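Trainee: Provided herewith is a single structure, encoded as structure tokens, for subsequent inquiry.
Chains as they are written, first to last, in full-length UniProt numbering: chain A, 1 to 415; chain B, 1 to 415.
Shown next, in the form of structure tokens:
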């Protein structure tokens, strides 16, 4: 463990100790102060970001990655707004999750308490810096941030601004810190910082997440790759099916809750397949289909790889299945456990799909695009967990905490 | 990934799919059938176990490890009783954790659902085989068991008996299986079986747990090392303090919730230290003390290593601290995050200790020995988690499940 990471983590731990007992009002005041400070420092943030973008462009970074890296006045305003939104959410810390009086008179309470120190590893999206800092602060934890080297100038300025704002609000600056270290070494040290860091949240693409999951000795909350399916059952309302498929695929393509695969029950295939192909193609979607779909002009024959692909683009894999069992088997085989939808008017088909599909979210007659902390009413979201441990699905503030049992007695001993 | 582990895990996954929708009555019937079968096969189990014990003795295994490995009629009966007790507990699967109707009319429910496939890695205690199988079955998951090679004959017979009982009860035998593979390779493969196994629970000593935590790419629930402290505050009822310290240290020494360290506020040290030393020494406890304690005959001077040691024996580290802050600092420095107790009549001291000590359980005026699933009323326990992710403290059946969001609509799309 490099000494400098240890020092930063130790200071974060000390700072988190003070934050753990801070009442909501103190945290909310700090969040508004952070929002004000980010807006006030907008020129500095944008100047640093322009350098990052220029350097990335010179090194040949692809246009869509430059777009993620780029901040503008509107995006800075949105990050400030995000901090204010977190301030408006209920405080998860202190919630009594359960409580009882035991037969021997002991009073048992399980309380929601902060993790302590959270690590976040992310890609070249400087807005994550502010988002993660705000969510962790409200959840009572210090945060160690490790963004991409290509966003280092932006992140350095943003973190400096946030730290100053925290201090002015009467909280320790060390609640928010960048992980020291050049290149990949900083991230690698963070992943080995078991005991110094309580939980690690990777935010980014499949490669980043896999690398963190495989290398980290710190417990990880895996966030999400989404190979999401929409299955149109024999009994579906076909107009509803068309509307849900179009929405799930095209409303926004670059996100993990967009649909990537389409399954159609044979009984409705003759009527539905041509309408689906036409509707999707009208929206610019390339259909990668099995032979039933590929009989239509413009449909690309699907290979096995298509069933596994999270396109994040205007592409969809499509297949006709003989029955509900085949649909469930296909989903169980290829799902990444994010969000899976069935369109059906059959109660029994819906029940079986819900019970047998193994995913963070299963939807009946609704678009996969709803699986999002904001849409489900959780407020801020730090990511969508596709693992089964700790949190599954959109993670709001309560998911960014742990619990503690408090046992109060008057001298009880065990016999 | 060895093919044979993949095959076993795939069969377990298929079996778990059937179990996931099995109602409580089916699971409870199977648990009683498993209990009956273990009792009926007692002679075979004991014969296999005798071979294990003999082989271990010949290879020079220490007496206390032989004791853990050894089964007798009473222990077999206790494992059967454990299965019946699990049958008597409420079914965690299907519980609605939360639910609401969203503004757009979507109905949201978060349901408790099984993990799917759970891996358990444990040492040479064949009773864990039955315990883990029973808990996982009731929680709706298949279980892959990897015990110590020295208990292989015992485990093989027990697993065969359980599998037959499952089949006779109408459930798939593949819900319970041993991990194939010689020596450490089987365990190593299980730790890399990400995607095949949903969660791994190591049960055993600190070495086993550390090795699993460091090597596993499957999410792990860490169970517990307990360097538990009792702090006697300035305002403590001294008789109560004596009783709690004695109970926490001596009621049972080999368990993770036994006290290993004792802190005494300076204000009560003159009166309390001699009484504590006398009481502990009467019970055969060796006190490893700071200079205030070491002034008493028979007290061994403590080194820094003592503050870190989980003795699991009739030993205790003891120190006088100048104030509550020093006590909290000591605990924060040396605690393993298991169970920490304060004895005090001061409301503010108790509140601060509870808030600032970072552990799965904090006790006020009660023995650390109460931190146990059975004592806290959770019924069966698969271990005590000292990590902050997913479960913290004693893990009962609900902690051995995950959740799934179910979103039901009538054609809603996102705009």
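Note that beta-carbon positions come from the ideal geometry of N, C-alpha and C, so glycine has one too. Being a predicted model, the structure only gives us computed values, none of them experimental.
How is residue 401 of chain A classed by DSSP in three states: helix, strand or coil?
Mentor: Here residue 401 of chain A corresponds to residue number 401 of the first chain, with the count starting at 1. Here residue 401 of chain A sits in strand by DSSP.
Trainee: According to DSSP, is residue 223 of chain A helix, strand or coil?
Mentor: Here the question's residue 223 of chain A lines up with position 223 in the first chain. Note: residue 223 of chain A maps to strand in three-state DSSP.
Trainee: Residues of chain B with CB closer than 7 Å to the CB of residue 387 of chain A, please, in chain order.
Mentor: Counted from its first residue, the first chain places residue 387 of chain A at position 387. By Cβ distance, chain B contributes 219.
Trainee: Distance cutoff 8 Å, beta carbons only. Does residue 369 of chain B sit that close to anything in chain A?
Mentor: Residue numbering aside, residue 369 of chain B sits at position 369 when the second chain is read from its first letter. For residue 369 of chain B, the answer is yes, since a Cβ of chain A falls inside 8 Å of its Cβ.
Trainee: Can you name the residues of chain B whose CB is closer than 9 Å to the CB of residue 377 of chain A?
Mentor: Here residue 377 of chain A corresponds to residue number 377 of the first chain, with the count starting at 1. Neighbours of residue 377 of chain A on chain B, chain order: 100, 102, 103 and 108.
Trainee: Can you tell me which of the three DSSP states residue 367 of chain B falls into?
Mentor: One-based indexing of the second chain puts residue 367 of chain B at position 367. Residue state, collapsed to three classes: coil.
Trainee: Is residue 301 of chain B helix, strand or coil when you go by DSSP?
Mentor: Taking the first residue of the second chain as 1, we reach residue 301 of chain B at position 301. Three-state DSSP puts residue 301 of chain B in a strand.
Trainee: What's the C-alpha gap between residue 354 of chain A and residue 166 of chain B?
Mentor: Locating residue 354 of chain A in the first chain gives position 354, where the first residue counts as 1. Locating residue 166 of chain B in the second chain gives position 166, where the first residue counts as 1. About 26 Å.
Trainee: For residue 215 of chain B, I'd like the list of residues in its chain whose CB is within less than 6 Å of its CB, leaving aside the five on either flank, ordered along the chain.
Mentor: Position 215 of the second chain, counted from the first residue, corresponds to residue 215 of chain B. The answer, listed in chain order, is 191.
Trainee: The region 329 to 355 of chain A: which residues have C-beta closer than 7 Å to a C-beta of chain B, in chain order?
Mentor: Residues 354 and 355.
Trainee: Using a Cβ-Cβ cut-off of 6 Å (strictly less than) and excluding sequence neighbours within five positions of residue 101 of chain A, which residues of its own chain qualify?
Mentor: Locating residue 101 of chain A in the first chain gives position 101, counting from the first residue. Closer than 6 Å at the Cβ level, and outside the excluded window around residue 101 of chain A, lie 107.
Trainee: Return the CA-CA distance between residue 14 of chain B and residue 399 of chain A, expressed in angstroms with no decimal places.
Mentor: The residue labelled residue 14 of chain B in the question sits at position 14 within the second chain. The residue labelled residue 399 of chain A in the question sits at position 399 within the first chain. Whole-angstrom Cα-Cα distance: 30 Å.
Trainee: In this structure, what does DSSP give as the bridge partners for residue 231 of chain B?
Mentor: For the purposes of this step, residue 231 of chain B is identified with residue 231 of the second chain, where counting begins at 1. Answer by DSSP bridge pairing, in chain order: B/263 and B/342.
Trainee: Should residue 410 of chain B go down as buried or exposed, given a rule of 16 or more other Cβ atoms within 10 Å for buried?
Mentor: Numbered from 1 along the second chain, position 410 holds the residue referred to as residue 410 of chain B. With fewer than 16 other Cβ atoms within 10 Å, it is exposed.
Trainee: Closer than 7 Å by beta-carbon distance: list the chain B residues that pair up with residue 17 of chain A, in chain order.
Mentor: Here residue 17 of chain A refers to the residue found at position 17 when the first chain is read from its first residue. Within chain B, the residues near residue 17 of chain A are 356.
Trainee: Find the nearest neighbour of residue 360 of chain B within the set A/115, A/204, A/255 and A/300, judged by alpha-carbon distance.
Mentor: As a first step, residue 360 of chain B must be located in the second chain, where it is residue number 360. Considering only alpha carbons, the answer is A/115.
Trainee: Can you tell me which of the three DSSP states residue 110 of chain B falls into?
Mentor: Locating residue 110 of chain B in the second chain gives position 110, where the first residue counts as 1. Residue state, collapsed to three classes: strand.
Trainee: List the whole-angstrom C-beta distance separating residue 219 of chain B from residue 196 of chain A, where the pair is believed to meet the contact cut-off of C-beta under 8 Å.
Mentor: The residue you call residue 219 of chain B lines up with position 219 of the second chain. The residue you call residue 196 of chain A lines up with position 196 of the first chain. That pair is no contact at about 20 Å.
Trainee: Apart from the five residues on each side of it in sequence, which residues of its chain come closer than 6 Å, Cβ to Cβ, to residue 174 of chain B?
Mentor: Mapped onto the second chain, residue 174 of chain B falls at position 174. 11, 12 and 15, listed in sequence order.
Trainee: Measure the C-alpha to C-alpha separation of residue 318 of chain A and residue 279 of chain A and round it to an integer number of angstroms.
Mentor: Residue 318 of chain A sits at position 318 when you count from the first residue of the first chain. Residue 279 of chain A sits at position 279 when you count from the first residue of the first chain. Cα to Cα, residue 318 of chain A sits roughly 13 Å from residue 279 of chain A.
Trainee: Less than 6 Å between C-beta atoms, sequence neighbours within five positions excluded: which residues of the same chain meet that for residue 34 of chain A?
Mentor: Within the first chain, the letter at position 34 stands for residue 34 of chain A. Excluding positions up to five away in sequence, the list reads 83, 162 and 165.
Trainee: Between residue 225 of chain B and residue 310 of chain B, is the Cβ-Cβ spacing less than 8 Å?
Mentor: Position 225 of the second chain, counted from the start, is the residue given in the question as residue 225 of chain B. Position 310 of the second chain, counted from the start, is the residue given in the question as residue 310 of chain B. Yes, the Cβ-Cβ distance between residue 225 of chain B and residue 310 of chain B is below 8 Å.
Trainee: DSSP three-state call for residue 125 of chain B: helix, strand or coil?
Mentor: As a first step, residue 125 of chain B must be located in the second chain, where it is residue number 125. Residue 125 of chain B: coil per DSSP, three-state reduction.
Trainee: Do the region 243 to 262 of chain A and the region 333 to 349 of chain A make contact, defined as three or more Cβ pairs closer than 8 Å?
Mentor: Because the criterion of three Cβ pairs below 8 Å is met, the region 243 to 262 of chain A and the region 333 to 349 of chain A touch.
Trainee: How many angstroms separate the CA atom of residue 384 of chain B from the CA atom of residue 344 of chain B?
Mentor: Here residue 384 of chain B corresponds to residue number 384 of the second chain, with the count starting at 1. Here residue 344 of chain B corresponds to residue number 344 of the second chain, with the count starting at 1. The alpha-carbon atoms of residue 384 of chain B and residue 344 of chain B are separated by roughly 26 Å.
Trainee: Hey, how far is the Cα of residue 200 of chain A from the Cα of residue 159 of chain A?
Mentor: Reading the first chain from its first residue, position 200 is the one you call residue 200 of chain A. Reading the first chain from its first residue, position 159 is the one you call residue 159 of chain A. Going by the C-alpha atoms only, they are around 19 Å apart.
Trainee: Could you name the residues of the region 37 to 57 of chain A whose beta carbon sits closer than 7 Å to any beta carbon of chain B, in the order they occur along the chain?
Mentor: Listed by position along the chain: nothing, the set is empty.
Trainee: Check each candidate in A/381, A/394 and A/358 and name the one with the smallest Cα separation from residue 371 of chain A.
Mentor: Along the first chain, read from residue 1 onward, the residue named residue 371 of chain A stands at position 371. For residue 371 of chain A, the nearest C-alpha among the options comes from A/394.
Trainee: So, using beta-carbon positions, are residue 401 of chain A and residue 139 of chain A closer together than 8 Å?
Mentor: As a working note, residue 401 of chain A is residue 401 in the first chain. As a working note, residue 139 of chain A is residue 139 in the first chain. Against a cut-off of 8 Å, the Cβ pair of residue 139 of chain A and residue 401 of chain A comes out as a contact.
Trainee: For the region 125 to 157 of chain B, which segments carrying the alpha helix (DSSP H) assignment without a break, of at least 4 residues, lie completely within its bounds, in sequence order?
Mentor: Listed in chain order, they are 127 to 138.
Trainee: Going by Cα to Cα distance, which pick from B/294, B/332, B/298 and B/308 is closest to residue 320 of chain B?
Mentor: Taking the second chain and counting its residues from 1, the one referred to as residue 320 of chain B is at position 320. Per the Cα distances, B/294.
Trainee: Considering only the alpha carbon of each residue, which of A/48, A/242 and A/172 lies closest to residue 151 of chain A?
Mentor: Residue mapping note: residue 151 of chain A aligns to position 151 of the first chain, counting from 1. Comparing Cα-Cα distances from residue 151 of chain A to each of A/48, A/242 and A/172, the minimum goes to A/48.
Trainee: Just the C-alpha distance for residue 283 of chain A and residue 228 of chain A, rounded to the nearest angstrom, thanks.
Mentor: As a first step, residue 283 of chain A is located in the first chain; it is residue number 283 there, counting from the start. As a first step, residue 228 of chain A is located in the first chain; it is residue number 228 there, counting from the start. One C-alpha to the other measures close to 19 Å.
Trainee: Nearest-angstrom Cα distance between residue 143 of chain A and residue 273 of chain A?
Mentor: Position 143 of the first chain, counting from 1, holds the residue named residue 143 of chain A. Position 273 of the first chain, counting from 1, holds the residue named residue 273 of chain A. In a straight line, the C-alpha of residue 143 of chain A is about 49 Å away from that of residue 273 of chain A.
Trainee: Quick one: give me the first and last residue of the alpha helix (DSSP H) that residue 325 of chain B is part of.
Mentor: The residue labelled residue 325 of chain B in the question sits at position 325 within the second chain. Looking at the DSSP string, the run of the alpha helix (DSSP H) that includes residue 325 of chain B is 324 to 334.
Trainee: Would you kindly report the start and end of the unbroken alpha helix (DSSP H) that includes residue 350 of chain A?
Mentor: The count along the first chain starts at 1 and reaches residue 350 of chain A at position 350. Residue 350 of chain A -> alpha helix (DSSP H) spans 347 to 356.
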